[in-house]
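Here's the structure, in C-alpha coordinates; my notes come after.
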Amino acid sequence: MLKLSTLLLAGGLAYFTVGQAHAQTELNSRPQPGMTPSQATPAPAYPQLPLRPTDDDYPRYQGSLALELGWGAPYGFGVSYAHHLTPNWDINGGLGIGIGGKIGIGTRYFLKPERTFTPYVGANVVRTGRIDQVSVELNGEQAVYSMASSATLHLRGGVRWQPGRVGLLATGGYGVRLGGNPVVYDPAYNPSPQLRNFVDIISPGGVEVSVGIVVGLGR
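Throughout the sequence shown, residue numbering follows our numbering, covering -17 to 201 in sequence.
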(Lines of atoms letter the chains of each structure in order from A and count residues from 1; the text may use other names and numbers.)
(Lines give C-alpha, C1' and ligand atoms only; values in the text may rest on other atoms or scores of the structure.)
Protein backbone atom coordinates (compact mmCIF):
# COMPACT_ATOMS: atom_id res chain seq x y z
CA MET A 1 0.00 0.00 0.00
CA LEU A 2 2.84 2.35 0.81
CA LYS A 3 4.55 1.58 -2.47
CA LEU A 4 1.34 2.37 -4.40
CA SER A 5 1.00 5.74 -2.64
CA THR A 6 4.63 6.52 -3.36
CA LEU A 7 4.17 5.75 -7.07
CA LEU A 8 1.06 7.90 -7.31
CA LEU A 9 2.82 10.80 -5.62
CA ALA A 10 5.83 10.54 -7.93
CA GLY A 11 3.58 10.44 -10.99
CA GLY A 12 1.68 13.52 -9.84
CA LEU A 13 4.88 15.46 -9.31
CA ALA A 14 6.14 14.51 -12.76
CA TYR A 15 2.88 15.57 -14.42
CA PHE A 16 2.93 18.90 -12.57
CA THR A 17 6.54 19.56 -13.54
CA VAL A 18 5.91 18.83 -17.26
CA GLY A 19 2.82 21.04 -17.31
CA GLN A 20 4.69 23.96 -15.75
CA ALA A 21 7.51 23.68 -18.31
CA HIS A 22 5.04 23.57 -21.22
CA ALA A 23 3.18 26.65 -19.88
CA GLN A 24 6.44 28.56 -19.47
CA THR A 25 7.46 27.70 -23.07
CA GLU A 26 4.15 29.01 -24.47
CA LEU A 27 4.43 32.17 -22.37
CA ASN A 28 7.90 32.92 -23.68
CA SER A 29 6.85 32.32 -27.30
CA ARG A 30 3.89 34.76 -27.18
CA PRO A 31 4.50 38.51 -27.67
CA GLN A 32 3.90 40.35 -24.43
CA PRO A 33 1.88 43.57 -24.19
CA GLY A 34 3.99 46.57 -25.11
CA MET A 35 6.46 44.46 -27.05
CA THR A 36 6.66 43.96 -30.84
CA PRO A 37 7.85 40.81 -32.51
CA SER A 38 11.49 40.97 -33.46
CA GLN A 39 12.09 41.65 -37.16
CA ALA A 40 14.76 40.18 -39.36
CA THR A 41 17.82 42.36 -39.47
CA PRO A 42 18.08 43.87 -42.99
CA ALA A 43 21.13 42.93 -45.01
CA PRO A 44 23.67 45.75 -45.25
CA ALA A 45 23.29 47.82 -48.39
CA TYR A 46 26.31 47.98 -50.68
CA PRO A 47 26.70 50.62 -53.43
CA GLN A 48 26.02 49.11 -56.83
CA LEU A 49 28.59 49.67 -59.53
CA PRO A 50 27.22 51.22 -62.76
CA LEU A 51 26.65 48.71 -65.50
CA ARG A 52 28.80 48.97 -68.59
CA PRO A 53 26.76 50.53 -71.43
CA THR A 54 25.69 48.17 -74.17
CA ASP A 55 25.09 48.83 -77.85
CA ASP A 56 21.37 49.21 -77.13
CA ASP A 57 22.11 52.19 -74.86
CA TYR A 58 23.43 54.31 -77.72
CA PRO A 59 21.02 56.83 -79.18
CA ARG A 60 19.28 56.50 -82.51
CA TYR A 61 18.83 59.51 -84.79
CA GLN A 62 16.22 60.31 -87.42
CA GLY A 63 18.79 61.94 -89.67
CA SER A 64 22.47 62.74 -90.02
CA LEU A 65 24.76 65.34 -91.54
CA ALA A 66 28.04 64.11 -93.03
CA LEU A 67 31.18 65.85 -94.24
CA GLU A 68 33.17 63.59 -96.59
CA LEU A 69 36.30 63.86 -98.68
CA GLY A 70 38.61 61.50 -100.48
CA TRP A 71 39.71 60.11 -103.81
CA GLY A 72 36.72 59.34 -106.02
CA ALA A 73 34.16 60.37 -103.36
CA PRO A 74 30.73 61.08 -104.89
CA TYR A 75 30.78 64.75 -103.87
CA GLY A 76 34.55 65.25 -103.81
CA PHE A 77 34.93 67.54 -100.82
CA GLY A 78 31.29 67.79 -99.90
CA VAL A 79 28.44 67.61 -97.44
CA SER A 80 25.36 65.40 -97.42
CA TYR A 81 22.17 64.98 -95.40
CA ALA A 82 20.58 61.58 -94.75
CA HIS A 83 17.09 60.74 -93.51
CA HIS A 84 16.47 57.31 -91.99
CA LEU A 85 13.34 55.68 -93.40
CA THR A 86 14.02 52.69 -91.10
CA PRO A 87 16.88 51.98 -88.68
CA ASN A 88 18.60 50.04 -91.50
CA TRP A 89 17.82 52.21 -94.50
CA ASP A 90 18.40 55.87 -95.32
CA ILE A 91 18.10 58.14 -98.32
CA ASN A 92 20.57 60.99 -98.72
CA GLY A 93 21.43 63.94 -100.88
CA GLY A 94 24.57 66.03 -101.13
CA LEU A 95 26.72 68.49 -103.00
CA GLY A 96 30.38 69.38 -103.18
CA ILE A 97 33.39 70.39 -105.22
CA GLY A 98 35.76 68.17 -107.20
CA ILE A 99 36.67 68.40 -110.88
CA GLY A 100 33.54 70.46 -111.41
CA GLY A 101 30.67 71.05 -109.02
CA LYS A 102 28.74 67.97 -107.89
CA ILE A 103 25.19 67.27 -106.73
CA GLY A 104 23.39 63.98 -106.26
CA ILE A 105 21.22 61.59 -104.30
CA GLY A 106 21.85 58.17 -102.79
CA THR A 107 20.85 55.48 -100.36
CA ARG A 108 22.58 53.29 -97.77
CA TYR A 109 21.66 50.07 -96.01
CA PHE A 110 23.20 49.47 -92.57
CA LEU A 111 23.59 45.79 -91.69
CA LYS A 112 23.68 46.27 -87.89
CA PRO A 113 22.16 49.69 -87.15
CA GLU A 114 21.69 48.89 -83.44
CA ARG A 115 25.44 48.53 -82.98
CA THR A 116 28.06 51.21 -82.52
CA PHE A 117 30.15 49.72 -85.33
CA THR A 118 28.16 48.68 -88.41
CA PRO A 119 29.01 47.86 -92.03
CA TYR A 120 26.89 49.34 -94.81
CA VAL A 121 26.39 49.20 -98.56
CA GLY A 122 24.96 51.91 -100.77
CA ALA A 123 24.75 53.69 -104.09
CA ASN A 124 24.77 57.31 -105.28
CA VAL A 125 23.92 58.95 -108.58
CA VAL A 126 25.87 62.19 -108.97
CA ARG A 127 25.77 64.91 -111.59
CA THR A 128 29.05 66.70 -112.30
CA GLY A 129 28.95 70.17 -113.84
CA ARG A 130 30.70 71.32 -117.00
CA ILE A 131 34.23 72.80 -116.93
CA ASP A 132 36.00 74.57 -119.82
CA GLN A 133 39.59 75.11 -120.92
CA VAL A 134 41.41 73.34 -118.09
CA SER A 135 45.20 73.25 -118.43
CA VAL A 136 46.94 70.06 -117.30
CA GLU A 137 50.64 69.12 -117.29
CA LEU A 138 52.37 65.77 -116.75
CA ASN A 139 56.11 65.09 -117.04
CA GLY A 140 56.64 68.32 -118.95
CA GLU A 141 53.78 67.60 -121.38
CA GLN A 142 50.89 70.04 -121.42
CA ALA A 143 47.36 69.90 -122.78
CA VAL A 144 44.09 71.81 -122.48
CA TYR A 145 40.74 70.07 -122.21
CA SER A 146 37.07 70.71 -121.45
CA MET A 147 34.67 68.36 -119.71
CA ALA A 148 30.95 68.21 -120.43
CA SER A 149 28.34 67.63 -117.72
CA SER A 150 28.09 63.95 -116.84
CA ALA A 151 26.37 61.52 -114.49
CA THR A 152 28.12 58.83 -112.44
CA LEU A 153 26.77 55.83 -110.52
CA HIS A 154 28.79 55.25 -107.35
CA LEU A 155 28.59 51.75 -105.84
CA ARG A 156 29.85 51.95 -102.27
CA GLY A 157 30.51 49.96 -99.12
CA GLY A 158 32.04 50.84 -95.80
CA VAL A 159 31.68 51.07 -92.06
CA ARG A 160 30.17 53.56 -89.63
CA TRP A 161 31.43 53.98 -86.07
CA GLN A 162 29.08 56.12 -84.00
CA PRO A 163 29.24 55.78 -80.19
CA GLY A 164 27.21 58.96 -79.72
CA ARG A 165 26.04 61.97 -81.66
CA VAL A 166 29.31 62.25 -83.59
CA GLY A 167 30.78 59.34 -85.54
CA LEU A 168 33.10 58.41 -88.38
CA LEU A 169 32.63 56.92 -91.85
CA ALA A 170 35.13 54.96 -93.93
CA THR A 171 34.10 54.09 -97.49
CA GLY A 172 35.42 52.32 -100.54
CA GLY A 173 33.77 51.82 -103.90
CA TYR A 174 33.75 52.40 -107.62
CA GLY A 175 32.14 55.02 -109.84
CA VAL A 176 30.74 54.10 -113.27
CA ARG A 177 30.15 56.91 -115.74
CA LEU A 178 26.69 56.86 -117.30
CA GLY A 179 27.36 57.77 -120.93
CA GLY A 180 30.53 58.33 -122.90
CA ASN A 181 33.75 60.05 -121.92
CA PRO A 182 32.91 63.72 -121.20
CA VAL A 183 36.50 64.92 -121.77
CA VAL A 184 37.31 66.79 -125.02
CA TYR A 185 40.87 68.01 -125.73
CA ASP A 186 41.73 71.27 -127.41
CA PRO A 187 42.63 70.51 -131.08
CA ALA A 188 45.92 72.36 -130.67
CA TYR A 189 47.19 69.54 -128.44
CA ASN A 190 47.81 65.85 -129.08
CA PRO A 191 48.05 64.32 -125.56
CA SER A 192 50.02 61.12 -125.03
CA PRO A 193 48.31 58.00 -123.61
CA GLN A 194 49.95 58.69 -120.24
CA LEU A 195 48.48 62.19 -120.01
CA ARG A 196 45.07 60.95 -121.19
CA ASN A 197 45.13 58.26 -118.49
CA PHE A 198 45.98 60.86 -115.88
CA VAL A 199 43.06 63.07 -116.93
CA ASP A 200 40.78 60.05 -116.90
CA ILE A 201 41.88 59.20 -113.33
CA ILE A 202 41.04 62.66 -111.99
CA SER A 203 37.76 62.83 -113.92
CA PRO A 204 34.45 61.53 -112.45
CA GLY A 205 34.29 57.78 -111.92
CA GLY A 206 36.81 55.17 -110.92
CA VAL A 207 38.01 53.91 -107.55
CA GLU A 208 36.78 55.58 -104.35
CA VAL A 209 38.62 55.77 -101.02
CA SER A 210 37.05 58.29 -98.68
CA VAL A 211 36.50 59.20 -95.03
CA GLY A 212 33.96 61.37 -93.29
CA ILE A 213 32.48 62.74 -90.09
CA VAL A 214 28.81 62.07 -89.37
CA VAL A 215 26.64 63.99 -86.89
CA GLY A 216 23.31 62.57 -85.71
CA LEU A 217 20.27 64.88 -85.91
CA GLY A 218 16.89 64.51 -84.21
CA ARG A 219 15.71 61.65 -81.98
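For glycine and all other residues, C-beta sits at the position ideal for the given N, C-alpha and C. Nothing here was measured: the structure is a model prediction, and the numbers come from that model.
When Cβ pairs closer than 8 Å are counted between the two stretches, the segment 64 to 83 is seen not to touch the segment 168 to 180, the count staying below three.
In this structure, P164 is the residue among P169, I195, P164 with its C-alpha nearest to the C-alpha of V181.
In the three-state reduction of the DSSP assignment, P175 falls in the helix class. Only residues of its own chain outside the window of five on either side were considered, and among them H136, L137, R138, G139, E190 have a CB closer than 7 Å to the CB of G155, listed in chain order.
Exclusion of the five residues before and after G198 leaves Y43, S46, R147 as the residues of its chain whose Cβ lies within less than 6 Å of its Cβ.
The Cβ neighbour count for P186, taken over all protein chains shown within 10 Å, is at least 16; the residue is labelled buried. Nearest neighbour of A125 by Cα position, chosen from A133, V108, Y167, F59, turns out to be Y167. Taken in chain order, the whole alpha helix (DSSP H) runs of length 4 or more contained in the segment 139 to 201 are 175 to 184. Taking a 10 Å sphere around the C-beta of H65, we find fewer than 16 other C-beta atoms and assign the residue as exposed. Look at the segment 54 to 93 and you find these whole runs of beta strand (DSSP E), each 3 residues long or longer: 59 to 66, 71 to 80, 82 to 92. Per DSSP, the continuous beta strand (DSSP E) segment holding S117 begins and ends at 113 to 120.
Leaving aside the five residues that flank S192 on each side, the residues in its chain whose CB is nearer than 6 Å to its CB run, in chain order, E50, G52, A55, T153. Here S131 carries a coil assignment [DSSP, helix/strand/coil]. Under the three-pair Cβ rule at 8 Å, the segment 115 to 133 does not count as touching the segment 93 to 104. For E123, the secondary structure class from DSSP, reduced to helix, strand or coil, is strand.
Rounded to whole angstroms, the separation of the alpha carbons of I113 and A130 is 7 Å. When secondary structure is reduced to three states using DSSP, Y102 falls in the strand class.
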